[in-house]
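Residue numbers (the numbering used here): 497 to 780.
Here the structure is laid out as structure tokens; the discussion comes afterwards.
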Amino acid sequence: LGDGTTTTSSTPIAVDLPADTTITAVAAGSRHSLAVTSTGTVLAWGLNLTGQLGDGTTTSSNTPVAVNLPANTTITAIAAGNAHSLAVTSTGTMLAWGANLTGQLGDGTNSNSNTPIAVNLPANTTITAIAASSSGHSLAVTSTGTMLAWGSNFTGQLGDGTTTNSNTPVAVDLPANTTITAVAAGAGHSLAVTSAGTMLAWGGNGSGQLGDGSTTTSSTPVAVDLPVDTTITAVAAGAGHSLALTSTGTMLAWGFNASGQLGDGTTTNSSTPIAVDLPVDTTI
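The following block contains the structure:
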């Protein structure tokens, strides 16, 4: 929680930020937290066994510490996986640090790093959006609307038509003439929003989290079976469920629902998107 203690809190408490610090973006991993400041630096706190705080140590911290960024680097976006961290720079390059057992840092090795290292992107690639999963895979959207993926691929979550891990970015096998605008990474599945407001999904599907009406895993993107005339603007992915925000401010959910995470008033899984039961006159 970054408050200088290790005491659980059931209500929001202030993170102990350095003086005169303004935060512009945040990300939460399984047991670590990241924040981007208004000056483009990054703070991190929490568990650090694999170097996911990026401060050059493997010592956990209950207050924010500065990520050891390369000189003259400005960060614009961050993502946090189970034990790895990702960042996009103002020039569209990417940095990664922390656990790398499945190649989720994308540097061509499987060695952990406790300081940020460059992701081995294809030449002339500019990154605009990223996602990091709790199972060890990473996703990135390029400025041309294509997608890259790397790391764990045991259920086909890299979307390249294989189930082979990759420690360097590989191209997601998108349908022709598809442009991606947003992404999300679940434990073993991946989601993407297209420029047309439709959705694609790939990877594990045991609970219907791909939303295509089946529970069949797919190593290439499949279309999410959205209601007619639905336009998606944002997505999120849990371990085994998926969420989407529509252009009218409603919400859809699908996948695992044993704890009621689909918000439809049941605990029944769904392999197609269903409406979240929002309060009357609520726009998300």
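Every residue, glycine too, gets a C-beta built ideally from N, C-alpha and C.
Taking the Cβ atom as the reference point for each residue, do residue 630 and residue 578 lie within a distance shorter than 7 Å?
Taking 7 Å as the Cβ cut-off, residue 630 and residue 578 qualify as a contacting pair.
Considering only the alpha carbon of each residue, which of 683, 673, 648, 587 lies closest to residue 666?
Residue 648 is the option with its Cα nearest to residue 666.
Starting from residue 783, trace the beta strand (DSSP E) both ways and give me its first and last residue.
Here the chain has residues from 497 to 780 only, and residue 783 is not among them.
Distance, Cα to Cα, residue 581 vs residue 700?
So the alpha carbons of these two residues sit roughly 22 Å apart.
What residue range does the beta strand (DSSP E) around residue 743 cover?
Careful: residue 743 lies outside any beta strand (DSSP E) and carries neither H nor E.
Is it right to say residue 766 is buried, meaning 16 or more other beta carbons lie within 10 angstroms of its own, or is it exposed?
Looking at its Cβ environment, which holds 16 or more other Cβ atoms inside 10 Å, residue 766 is buried.
Let's test the definition: count the other Cβ atoms within 10 Å of the Cβ of residue 551 and tell me whether it reaches 16, buried, or not, exposed.
Buried.
Out of 747, 548, 673, 764, point me to the one whose CA is closest to residue 777's CA.
The shortest C-alpha separation from residue 777 is found at 747.
Buried or exposed: residue 738, going by 16 or more other Cβ atoms within 10 Å of its Cβ?
Buried, because 16 or more other Cβ atoms sit within 10 Å of the Cβ of residue 738.
Please report how far the alpha carbon of residue 474 lies from the alpha carbon of residue 497, in whole angstroms.
The first residue shown for the chain is 497 and the last is 780, placing residue 474 beyond what the model contains.
Mind pulling the beta strand (DSSP E) runs of 3 or more residues that sit fully within the segment 552-623?
Runs found: 557-562, 571-576, 580-585, 590-594, 609-614.
Once you ignore the five residues that flank residue 523 on each side, which residues in its own chain have a CB closer than 7 Å to its CB?
So the qualifying residues of the chain are 530, 574, 575, 576.
Mapping the DSSP letters down to three states, classify residue 671 as helix, strand or coil.
Residue 671 falls in the coil class under three-state DSSP.
Report the CB separation of residue 721 from residue 671 in whole angstroms; it is logged as a contact under 8 Å.
Not confirmed; about 15 Å, so no contact.
Whole angstroms is fine: what's the gap from residue 588's alpha carbon to residue 569's?
So the alpha carbons of these two residues sit roughly 11 Å apart.
Since residue 518 contacts residue 537 with CB under 8 Å, what's their CB separation in whole angstroms?
Not really, about 11 Å apart at Cβ, beyond 8 Å.
Pick out whichever of 655, 601, 679 has its Cα sitting closest to the Cα of residue 715.
Closest by alpha carbon: 655.
Considering only the beta carbon of each residue, do residue 634 and residue 622 sit closer than 7 Å?
No, the pair does not count as a contact, with Cβ atoms beyond the cut-off.
Just checking my contact of residue 681 with residue 628 at CB under 8 Å: how many whole Å lie between their CB atoms?
Going by Cβ atoms, the distance from residue 681 to residue 628 rounds to 6 Å, so yes, they are a contact pair.
Closer than 8 Å by C-beta to residue 499: which residues in its own chain qualify, once you throw out the five before and the five after it? Chain order, please.
Cβ neighbours of residue 499 beyond the five flanking positions: 505, 509, 510, 511, 512, 558, 559.
Who are the Cβ neighbours of residue 595 in its own chain at under 6 Å, not counting the five residues just before and after it?
The answer, listed in chain order, is 546, 579, 580, 608.
In angstroms, rounded to a whole number, what distance separates the CA positions of residue 554 and residue 650?
Cα-Cα distance, rounded: 28 Å.
Thinking C-alpha only, which one of 527, 571, 749 is nearest residue 556?
Comparing Cα positions, the closest option is 527.
On the three-state DSSP scale, how would you describe residue 514?
Note: residue 514 maps to coil in three-state DSSP.
Let me make sure I understand the geometry here. Which of 615, 625, 566 has the alpha-carbon closest to that of residue 521?
Here the closest residue by C-alpha is 625.
Per DSSP, which one or two residues make a beta bridge with residue 638?
The partner list for residue 638 (beta bridge, DSSP) reads 623.
According to DSSP, is residue 780 part of a helix, a strand, or is it coil?
Residue 780 falls in the coil class under three-state DSSP.
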